[in-house]
Amino acid sequence: RFKITDYNHAYKLIFKYIEAFYNTVRIHSHCDYVSPNEYEKKYWIKLRQMEINVA
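For the sequence shown, my numbering begins at 54 and goes up steadily by one.
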């Protein structure tokens with residue numbers, strides 16, 4: 054455990070949690086129940102495959 058020393062320290066910890074875990078790693082129903090990182094990875098793979106099929 055650790056101590057939160059002041060408002061700025063709390064703000065940084067919360068921001069880090071949201072940006073580093075909650076918004077990127079945690080699964081979301083909007084993303085077909087995968088993490089946003091995985092969803093984006095699948096998106097780019099699909100887009101590349103479509104470009105290959107068109108070319």
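Every residue gets a Cβ at the ideal spot worked out from N, C-alpha and C, and that includes glycine.
What are the start and end residues of the alpha helix (DSSP H) that includes residue i?
i, result
"ILE72", "Looking at the sequence provided, one finds Glu at residue 72 rather than Ile. From DSSP, GLU72 is part of no alpha helix (DSSP H); its letter is neither H nor E."
"VAL78", "Careful: VAL78 lies outside any alpha helix (DSSP H) and carries neither H nor E."
"ARG101", "89-107"
Are the beta-carbon atoms of residue i and residue j separated by less than 9 Å?
i, j, result
"SER88", "ARG79", "yes"
"TYR75", "CYS84", "no"
Taking the alpha-carbon positions, what's the residue i to residue j distance?
i, j, result
"PHE55", "VAL107", "55 Å"
"THR58", "PHE68", "16 Å"
"MET103", "TYR96", "11 Å"
"LYS65", "ILE105", "43 Å"
"LYS99", "ILE71", "27 Å"
Once you ignore the five residues that flank residue i on each side, which residues in its own chain have a CB closer than 7 Å to its CB?
i, result
"ASN112", "The structure shown does not extend to residue 112, since the chain is modelled only from 54 through 108, so no value can be given for it."
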